[in-house]
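Here this note's numbering is used: the sequence shown runs in plain steps of one and ends on residue 397. Quick notes on the structure that follows.
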Amino acid sequence: MTKGFLNRLLPAGALALAGALTLSASAWADTIKVGIIGPFSGPFALQGKNFQAGAEAWLAQNGKTVAGHDIELVYRDLPTANPQQARALAQELIVRDKVQYLGGVYFTPDAMAITPLLKQGNVPLVIFNAATSAIMNSSPLVVRTSFTLGQTTTPLGKAAVERGVKKFVSIVSDYGPGVDAEGAFKKAIEAAGGEVKEAIRIPLNTTEFSPIMQRIRDAGAEGVFAFLPSGPPTLGFVKAFSDTGLKKAGVKLFAPGDLTQESDLPALGEAAAGLITSFHYAVSHESEINKRFVAAAEKAIGAPDLLSFPAVGAYDGMFVISKMIAATAGKQDAEKAVEAVKGLGWESPRGPVKIDPETRHITQTIYLREVAKDAQGRWINKEIASVPEQKDPGLAK
(Lines of atoms letter the chains of each structure in order from A and count residues from 1; the text may use other names and numbers.)
(Lines give C-alpha, C1' and ligand atoms only; values in the text may rest on other atoms or scores of the structure.)
Protein backbone atom coordinates (compact mmCIF):
# COMPACT_ATOMS: atom_id res chain seq x y z
CA MET A 1 0.00 0.00 0.00
CA THR A 2 1.53 3.32 -1.04
CA LYS A 3 1.86 6.53 0.92
CA GLY A 4 0.04 8.29 -1.92
CA PHE A 5 -2.91 5.97 -1.45
CA LEU A 6 -2.99 6.81 2.25
CA ASN A 7 -2.97 10.51 1.46
CA ARG A 8 -6.04 10.09 -0.72
CA LEU A 9 -7.87 7.91 1.80
CA LEU A 10 -7.29 9.89 4.98
CA PRO A 11 -8.26 13.45 5.88
CA ALA A 12 -5.35 15.81 6.54
CA GLY A 13 -5.74 15.58 10.33
CA ALA A 14 -5.22 11.83 10.22
CA LEU A 15 -2.01 11.78 8.19
CA ALA A 16 0.15 11.74 11.31
CA LEU A 17 -1.62 8.58 12.41
CA ALA A 18 -1.13 7.10 8.95
CA GLY A 19 2.58 7.78 9.13
CA ALA A 20 2.76 5.82 12.36
CA LEU A 21 1.27 2.70 10.81
CA THR A 22 3.59 -0.09 9.76
CA LEU A 23 2.13 -1.24 6.47
CA SER A 24 4.53 -3.96 5.42
CA ALA A 25 3.26 -7.45 4.76
CA SER A 26 4.82 -8.61 8.01
CA ALA A 27 2.30 -6.48 9.93
CA TRP A 28 -0.29 -9.12 9.12
CA ALA A 29 1.88 -12.18 9.70
CA ASP A 30 0.29 -13.40 12.95
CA THR A 31 -3.31 -12.18 12.75
CA ILE A 32 -5.18 -11.74 9.50
CA LYS A 33 -8.10 -9.35 9.67
CA VAL A 34 -11.22 -9.74 7.54
CA GLY A 35 -13.42 -6.64 7.34
CA ILE A 36 -17.14 -7.35 6.90
CA ILE A 37 -19.44 -4.50 5.86
CA GLY A 38 -23.18 -5.01 6.25
CA PRO A 39 -26.43 -3.68 7.72
CA PHE A 40 -26.08 -4.56 11.39
CA SER A 41 -28.66 -1.99 12.47
CA GLY A 42 -31.67 -0.29 10.90
CA PRO A 43 -34.41 -1.79 8.71
CA PHE A 44 -32.14 -4.42 7.12
CA ALA A 45 -30.35 -5.43 10.33
CA LEU A 46 -31.49 -9.03 9.98
CA GLN A 47 -29.39 -9.39 6.84
CA GLY A 48 -26.29 -8.18 8.66
CA LYS A 49 -27.01 -10.59 11.50
CA ASN A 50 -27.09 -13.36 8.90
CA PHE A 51 -23.72 -12.22 7.51
CA GLN A 52 -22.32 -12.51 11.03
CA ALA A 53 -24.05 -15.85 11.69
CA GLY A 54 -22.65 -17.39 8.50
CA ALA A 55 -19.11 -16.14 9.12
CA GLU A 56 -19.13 -17.18 12.77
CA ALA A 57 -20.59 -20.59 11.85
CA TRP A 58 -17.67 -21.19 9.49
CA LEU A 59 -15.15 -20.30 12.20
CA ALA A 60 -16.97 -22.50 14.73
CA GLN A 61 -16.78 -25.49 12.39
CA ASN A 62 -13.30 -24.94 10.97
CA GLY A 63 -11.41 -23.10 13.67
CA LYS A 64 -10.04 -19.56 13.82
CA THR A 65 -6.63 -20.41 12.38
CA VAL A 66 -5.76 -20.82 8.69
CA ALA A 67 -2.24 -21.73 7.49
CA GLY A 68 -0.88 -20.89 10.94
CA HIS A 69 -2.52 -17.45 11.05
CA ASP A 70 -5.27 -16.38 13.42
CA ILE A 71 -8.40 -14.93 11.78
CA GLU A 72 -10.04 -11.84 13.23
CA LEU A 73 -13.36 -10.53 11.91
CA VAL A 74 -13.87 -6.75 11.99
CA TYR A 75 -17.48 -5.63 11.43
CA ARG A 76 -18.66 -2.27 10.12
CA ASP A 77 -22.31 -1.21 10.11
CA LEU A 78 -23.92 0.19 6.94
CA PRO A 79 -27.66 0.34 7.80
CA THR A 80 -29.01 1.18 4.32
CA ALA A 81 -27.66 1.71 0.82
CA ASN A 82 -25.19 4.60 1.10
CA PRO A 83 -22.28 4.50 -1.38
CA GLN A 84 -20.41 7.42 0.19
CA GLN A 85 -20.51 5.82 3.62
CA ALA A 86 -19.63 2.42 2.16
CA ARG A 87 -16.48 3.88 0.64
CA ALA A 88 -15.57 5.58 3.90
CA LEU A 89 -16.01 2.37 5.87
CA ALA A 90 -13.89 0.40 3.40
CA GLN A 91 -11.17 3.06 3.63
CA GLU A 92 -11.25 2.87 7.40
CA LEU A 93 -10.95 -0.90 7.35
CA ILE A 94 -8.05 -0.85 4.89
CA VAL A 95 -6.06 1.99 6.45
CA ARG A 96 -6.83 2.05 10.16
CA ASP A 97 -7.78 -1.57 10.82
CA LYS A 98 -5.30 -2.99 8.28
CA VAL A 99 -7.60 -5.71 6.98
CA GLN A 100 -6.26 -8.02 4.29
CA TYR A 101 -9.70 -9.02 3.02
CA LEU A 102 -13.07 -7.34 2.67
CA GLY A 103 -16.36 -9.23 2.69
CA GLY A 104 -20.09 -8.71 3.02
CA VAL A 105 -21.93 -5.83 1.27
CA TYR A 106 -25.70 -6.11 1.01
CA PHE A 107 -26.54 -3.49 -1.64
CA THR A 108 -25.06 -3.14 -5.13
CA PRO A 109 -24.43 0.65 -5.04
CA ASP A 110 -22.26 0.12 -1.96
CA ALA A 111 -20.20 -2.58 -3.66
CA MET A 112 -19.66 -0.33 -6.69
CA ALA A 113 -18.40 2.43 -4.39
CA ILE A 114 -15.87 0.10 -2.74
CA THR A 115 -14.32 -1.62 -5.76
CA PRO A 116 -12.19 1.37 -6.92
CA LEU A 117 -10.23 1.10 -3.64
CA LEU A 118 -9.21 -2.53 -4.01
CA LYS A 119 -6.19 -2.38 -6.30
CA GLN A 120 -4.27 0.33 -4.48
CA GLY A 121 -5.33 -1.09 -1.13
CA ASN A 122 -4.13 -4.55 -2.28
CA VAL A 123 -7.31 -6.08 -0.82
CA PRO A 124 -9.78 -8.53 -2.43
CA LEU A 125 -13.52 -8.14 -1.90
CA VAL A 126 -15.70 -11.25 -1.46
CA ILE A 127 -19.35 -10.37 -2.06
CA PHE A 128 -21.73 -12.11 0.36
CA ASN A 129 -24.92 -10.68 -1.17
CA ALA A 130 -24.94 -7.69 -3.59
CA ALA A 131 -26.50 -9.13 -6.72
CA THR A 132 -25.84 -7.05 -9.84
CA SER A 133 -23.76 -8.68 -12.58
CA ALA A 134 -21.82 -5.49 -13.30
CA ILE A 135 -20.02 -5.57 -9.95
CA MET A 136 -17.72 -8.25 -11.32
CA ASN A 137 -16.65 -5.99 -14.18
CA SER A 138 -15.74 -3.11 -11.86
CA SER A 139 -12.59 -4.77 -10.48
CA PRO A 140 -10.63 -7.99 -11.09
CA LEU A 141 -10.23 -8.29 -7.31
CA VAL A 142 -13.89 -9.13 -6.64
CA VAL A 143 -15.16 -12.68 -6.04
CA ARG A 144 -18.85 -13.45 -5.47
CA THR A 145 -20.27 -16.21 -3.23
CA SER A 146 -23.90 -15.09 -3.34
CA PHE A 147 -25.97 -14.95 -6.55
CA THR A 148 -27.22 -12.52 -9.15
CA LEU A 149 -30.82 -11.65 -9.91
CA GLY A 150 -30.35 -12.78 -13.50
CA GLN A 151 -29.15 -16.15 -12.26
CA THR A 152 -31.97 -16.76 -9.79
CA THR A 153 -34.73 -15.28 -11.98
CA THR A 154 -34.10 -17.01 -15.31
CA PRO A 155 -35.70 -20.40 -14.39
CA LEU A 156 -38.99 -18.68 -13.46
CA GLY A 157 -40.11 -17.99 -17.03
CA LYS A 158 -40.56 -21.61 -18.00
CA ALA A 159 -42.03 -22.49 -14.62
CA ALA A 160 -44.65 -19.75 -14.87
CA VAL A 161 -45.80 -20.66 -18.37
CA GLU A 162 -45.93 -24.36 -17.44
CA ARG A 163 -48.48 -23.33 -14.80
CA GLY A 164 -50.71 -21.74 -17.43
CA VAL A 165 -49.72 -18.11 -16.81
CA LYS A 166 -48.69 -16.09 -19.88
CA LYS A 167 -49.61 -12.42 -19.33
CA PHE A 168 -47.54 -10.65 -16.68
CA VAL A 169 -46.92 -7.37 -14.93
CA SER A 170 -43.30 -7.01 -13.78
CA ILE A 171 -42.53 -4.96 -10.64
CA VAL A 172 -38.98 -4.34 -9.46
CA SER A 173 -37.06 -1.94 -7.25
CA ASP A 174 -35.39 0.68 -9.42
CA TYR A 175 -31.69 -0.07 -8.94
CA GLY A 176 -29.13 -2.44 -10.42
CA PRO A 177 -30.45 -5.82 -9.21
CA GLY A 178 -34.03 -4.83 -10.02
CA VAL A 179 -33.11 -3.87 -13.58
CA ASP A 180 -31.21 -7.16 -13.95
CA ALA A 181 -34.20 -9.12 -12.62
CA GLU A 182 -36.64 -7.32 -14.90
CA GLY A 183 -34.54 -8.04 -17.98
CA ALA A 184 -33.89 -11.68 -17.10
CA PHE A 185 -37.55 -12.40 -16.44
CA LYS A 186 -38.73 -10.70 -19.63
CA LYS A 187 -36.24 -12.70 -21.69
CA ALA A 188 -37.18 -15.96 -19.96
CA ILE A 189 -40.94 -15.44 -20.16
CA GLU A 190 -40.84 -14.53 -23.84
CA ALA A 191 -38.67 -17.56 -24.61
CA ALA A 192 -41.33 -19.72 -22.91
CA GLY A 193 -44.18 -18.15 -24.89
CA GLY A 194 -45.37 -15.57 -22.37
CA GLU A 195 -45.64 -11.78 -22.41
CA VAL A 196 -44.80 -8.95 -20.01
CA LYS A 197 -47.65 -6.49 -20.54
CA GLU A 198 -46.28 -3.79 -18.27
CA ALA A 199 -42.92 -3.27 -16.50
CA ILE A 200 -43.04 -1.10 -13.37
CA ARG A 201 -40.02 0.19 -11.46
CA ILE A 202 -40.49 1.56 -7.96
CA PRO A 203 -38.17 3.49 -5.60
CA LEU A 204 -35.92 1.35 -3.43
CA ASN A 205 -37.50 2.65 -0.21
CA THR A 206 -41.13 1.99 -1.22
CA THR A 207 -43.27 0.56 1.61
CA GLU A 208 -46.80 1.51 0.49
CA PHE A 209 -48.00 -0.87 -2.21
CA SER A 210 -51.75 -0.23 -2.58
CA PRO A 211 -51.32 1.91 -5.74
CA ILE A 212 -49.13 -0.81 -7.26
CA MET A 213 -51.75 -3.46 -6.55
CA GLN A 214 -54.37 -1.32 -8.29
CA ARG A 215 -52.14 -1.03 -11.37
CA ILE A 216 -51.85 -4.82 -11.43
CA ARG A 217 -55.61 -5.14 -11.26
CA ASP A 218 -56.13 -2.53 -14.00
CA ALA A 219 -53.64 -4.29 -16.29
CA GLY A 220 -55.68 -7.49 -16.24
CA ALA A 221 -52.57 -9.58 -15.70
CA GLU A 222 -52.72 -13.30 -15.03
CA GLY A 223 -49.44 -13.20 -13.16
CA VAL A 224 -47.04 -10.86 -11.39
CA PHE A 225 -43.28 -11.01 -11.29
CA ALA A 226 -41.76 -9.06 -8.41
CA PHE A 227 -38.31 -8.32 -7.04
CA LEU A 228 -37.57 -6.12 -4.02
CA PRO A 229 -34.63 -6.41 -1.61
CA SER A 230 -35.35 -8.71 1.33
CA GLY A 231 -36.53 -6.88 4.42
CA PRO A 232 -39.52 -4.63 5.18
CA PRO A 233 -40.28 -4.03 1.45
CA THR A 234 -40.72 -7.73 0.63
CA LEU A 235 -42.81 -8.43 3.73
CA GLY A 236 -45.07 -5.51 2.90
CA PHE A 237 -45.41 -6.43 -0.77
CA VAL A 238 -46.49 -10.04 -0.21
CA LYS A 239 -48.99 -9.02 2.48
CA ALA A 240 -50.42 -6.29 0.23
CA PHE A 241 -50.78 -8.74 -2.66
CA SER A 242 -52.92 -10.95 -0.45
CA ASP A 243 -54.76 -8.24 1.50
CA THR A 244 -55.92 -6.40 -1.63
CA GLY A 245 -57.58 -9.54 -2.98
CA LEU A 246 -55.28 -10.21 -5.94
CA LYS A 247 -54.30 -13.63 -4.67
CA LYS A 248 -57.92 -14.57 -4.01
CA ALA A 249 -58.82 -13.36 -7.51
CA GLY A 250 -56.45 -15.96 -8.96
CA VAL A 251 -53.54 -13.72 -9.97
CA LYS A 252 -50.31 -15.72 -9.54
CA LEU A 253 -47.23 -14.21 -7.95
CA PHE A 254 -43.75 -15.38 -9.00
CA ALA A 255 -40.50 -14.02 -7.61
CA PRO A 256 -36.88 -14.75 -6.78
CA GLY A 257 -36.51 -16.02 -3.23
CA ASP A 258 -35.91 -12.58 -1.72
CA LEU A 259 -39.70 -12.27 -1.30
CA THR A 260 -39.98 -15.35 0.90
CA GLN A 261 -36.91 -15.33 3.13
CA GLU A 262 -37.46 -17.82 5.93
CA SER A 263 -37.45 -15.22 8.68
CA ASP A 264 -40.59 -13.63 7.14
CA LEU A 265 -42.57 -16.82 6.57
CA PRO A 266 -44.14 -17.06 10.06
CA ALA A 267 -45.49 -13.51 9.68
CA LEU A 268 -46.65 -14.07 6.11
CA GLY A 269 -48.35 -17.41 6.77
CA GLU A 270 -51.25 -18.09 4.41
CA ALA A 271 -50.55 -14.88 2.49
CA ALA A 272 -47.47 -16.60 1.02
CA ALA A 273 -48.87 -20.14 0.73
CA GLY A 274 -48.28 -21.59 -2.72
CA LEU A 275 -46.05 -18.73 -3.86
CA ILE A 276 -43.52 -19.99 -6.41
CA THR A 277 -39.98 -18.67 -6.18
CA SER A 278 -36.59 -19.57 -7.60
CA PHE A 279 -33.43 -19.18 -5.56
CA HIS A 280 -29.99 -20.55 -4.79
CA TYR A 281 -30.69 -21.61 -1.20
CA ALA A 282 -33.41 -22.64 1.22
CA VAL A 283 -32.79 -23.24 4.92
CA SER A 284 -34.80 -26.46 4.50
CA HIS A 285 -32.44 -27.82 1.80
CA GLU A 286 -31.99 -31.55 2.38
CA SER A 287 -28.33 -32.45 2.84
CA GLU A 288 -26.12 -33.43 5.75
CA ILE A 289 -23.79 -30.50 5.09
CA ASN A 290 -26.71 -28.09 5.26
CA LYS A 291 -28.03 -29.61 8.47
CA ARG A 292 -24.65 -29.06 10.13
CA PHE A 293 -24.45 -25.54 8.75
CA VAL A 294 -27.97 -24.65 9.92
CA ALA A 295 -27.23 -25.94 13.42
CA ALA A 296 -24.06 -23.84 13.67
CA ALA A 297 -25.63 -20.73 12.10
CA GLU A 298 -28.75 -20.92 14.29
CA LYS A 299 -26.50 -21.07 17.34
CA ALA A 300 -24.54 -18.07 16.09
CA ILE A 301 -27.60 -15.95 15.29
CA GLY A 302 -29.30 -16.87 18.56
CA ALA A 303 -32.79 -17.70 17.26
CA PRO A 304 -33.58 -20.33 14.59
CA ASP A 305 -36.40 -18.30 13.03
CA LEU A 306 -33.97 -15.49 12.12
CA LEU A 307 -31.79 -17.58 9.80
CA SER A 308 -32.01 -16.64 6.12
CA PHE A 309 -30.12 -16.81 2.82
CA PRO A 310 -27.37 -14.17 3.43
CA ALA A 311 -25.84 -16.53 5.98
CA VAL A 312 -24.84 -19.08 3.35
CA GLY A 313 -23.16 -16.40 1.22
CA ALA A 314 -21.09 -15.40 4.26
CA TYR A 315 -20.31 -19.01 5.19
CA ASP A 316 -19.06 -19.82 1.70
CA GLY A 317 -17.33 -16.44 1.56
CA MET A 318 -15.25 -17.40 4.58
CA PHE A 319 -14.37 -20.70 2.91
CA VAL A 320 -13.11 -18.82 -0.15
CA ILE A 321 -11.15 -16.37 2.01
CA SER A 322 -9.55 -19.29 3.85
CA LYS A 323 -8.34 -20.69 0.54
CA MET A 324 -6.93 -17.27 -0.37
CA ILE A 325 -5.05 -17.09 2.92
CA ALA A 326 -3.60 -20.56 2.45
CA ALA A 327 -2.55 -19.83 -1.15
CA THR A 328 -0.69 -16.65 -0.14
CA ALA A 329 0.82 -18.13 3.04
CA GLY A 330 -0.82 -15.30 4.95
CA LYS A 331 0.93 -12.54 2.99
CA GLN A 332 -0.95 -9.61 1.53
CA ASP A 333 -1.22 -10.24 -2.20
CA ALA A 334 -4.70 -9.56 -3.55
CA GLU A 335 -4.02 -10.64 -7.12
CA LYS A 336 -2.49 -13.96 -6.08
CA ALA A 337 -5.33 -14.54 -3.61
CA VAL A 338 -8.00 -14.07 -6.27
CA GLU A 339 -6.09 -16.11 -8.84
CA ALA A 340 -5.92 -19.01 -6.36
CA VAL A 341 -9.71 -19.40 -6.15
CA LYS A 342 -10.56 -19.16 -9.85
CA GLY A 343 -12.11 -22.51 -10.72
CA LEU A 344 -12.41 -23.52 -7.06
CA GLY A 345 -15.25 -26.00 -6.46
CA TRP A 346 -16.74 -27.37 -3.26
CA GLU A 347 -19.88 -28.79 -1.65
CA SER A 348 -21.75 -25.91 -0.06
CA PRO A 349 -24.77 -26.13 2.25
CA ARG A 350 -26.74 -25.05 -0.85
CA GLY A 351 -25.28 -27.85 -3.02
CA PRO A 352 -22.32 -28.10 -5.43
CA VAL A 353 -20.78 -24.73 -6.34
CA LYS A 354 -17.79 -23.42 -8.27
CA ILE A 355 -16.08 -20.06 -8.81
CA ASP A 356 -16.15 -19.42 -12.55
CA PRO A 357 -12.50 -18.88 -13.57
CA GLU A 358 -13.42 -16.17 -16.10
CA THR A 359 -16.08 -14.15 -14.27
CA ARG A 360 -15.22 -14.94 -10.59
CA HIS A 361 -18.97 -15.38 -10.06
CA ILE A 362 -20.38 -18.49 -8.41
CA THR A 363 -21.86 -21.27 -10.56
CA GLN A 364 -24.58 -23.12 -8.63
CA THR A 365 -27.89 -24.98 -8.67
CA ILE A 366 -30.99 -22.81 -8.76
CA TYR A 367 -34.03 -24.34 -7.08
CA LEU A 368 -37.70 -23.87 -7.85
CA ARG A 369 -39.55 -23.66 -4.52
CA GLU A 370 -43.10 -23.44 -3.23
CA VAL A 371 -44.10 -21.94 0.12
CA ALA A 372 -45.67 -24.80 2.08
CA LYS A 373 -45.77 -26.36 5.53
CA ASP A 374 -43.37 -29.09 6.55
CA ALA A 375 -44.21 -32.17 8.62
CA GLN A 376 -43.96 -30.10 11.82
CA GLY A 377 -46.35 -27.47 10.50
CA ARG A 378 -43.67 -24.80 9.91
CA TRP A 379 -43.74 -22.65 6.78
CA ILE A 380 -40.77 -23.41 4.53
CA ASN A 381 -39.56 -22.87 0.98
CA LYS A 382 -40.08 -26.43 -0.26
CA GLU A 383 -37.77 -27.33 -3.13
CA ILE A 384 -39.78 -28.85 -6.00
CA ALA A 385 -37.28 -28.77 -8.88
CA SER A 386 -33.63 -27.92 -9.54
CA VAL A 387 -31.64 -26.40 -12.39
CA PRO A 388 -27.98 -27.37 -11.91
CA GLU A 389 -24.77 -25.56 -12.90
CA GLN A 390 -26.31 -22.18 -13.54
CA LYS A 391 -23.89 -19.38 -14.38
CA ASP A 392 -24.82 -15.73 -14.25
CA PRO A 393 -26.52 -14.98 -17.59
CA GLY A 394 -25.37 -11.40 -17.31
CA LEU A 395 -21.72 -12.52 -17.40
CA ALA A 396 -21.75 -15.90 -19.17
CA LYS A 397 -20.02 -15.93 -22.55
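Where a beta carbon is used, it is the ideal one built from N, C-alpha and C, also for glycine. Because the structure is a prediction, the values reported are computed rather than measured.
- Straight-line measurement puts the Cα of residue 335 at about 19 Å from the Cα of residue 104.
- Taking 8 Å as the cut-off, the Cβ atoms of residue 128 and residue 139 do not count as close.
- By the Cβ-count criterion, residue 76 is buried, with 16 or more other Cβ atoms from all chains shown falling within 10 Å of its own Cβ.
- Separation of residue 134 and residue 394 (C-alpha to C-alpha, rounded to the nearest whole angstrom) is 8 Å.
- Between residue 365 and residue 349, the beta carbon gap of about 12 Å keeps them out of contact (Cβ cut-off 8 Å).
- In the three-state reduction of the DSSP assignment, residue 81 falls in the coil class, being assigned neither a helical nor a strand state.
- With respect to the C-alpha of residue 309, the residue from 360, 288, 227, 259 having the closest C-alpha is 259.
- Taking C-beta separations shorter than 6 Å and ignoring five residues to either side along the sequence, the partners of residue 72 in its chain run 31, 33, following chain order.
- Note on geometry: alpha-carbon atoms of residue 270 and residue 361 lie some 35 Å from one another.
- About 5 Å separates the CB atoms of residue 109 and residue 81; that is less than 8 Å, so the two are in contact.
- CA-to-CA, the gap between residue 225 and residue 101 works out to about 37 Å.
- In terms of CA proximity to residue 58, 323 leads the group 242, 323, 264, 237.
- Remark: C-beta atoms of residue 124 and residue 337 approach each other more closely than 8 Å.
- A distance below 8 Å separates the beta carbons of residue 66 and residue 326.
- Between the region 196 to 203 and the region 214 to 228 there are three or more inter-stretch CB-CB distances shorter than 8 Å, so the stretches are counted as touching.
- Of the residues assessed, residue 247 falls on the buried side of the cut-off, its CB having 16 or more other CB atoms within 10 angstroms.
- Comparing alpha carbon positions, the residue from 233, 149, 356 closest to residue 208 is 233.
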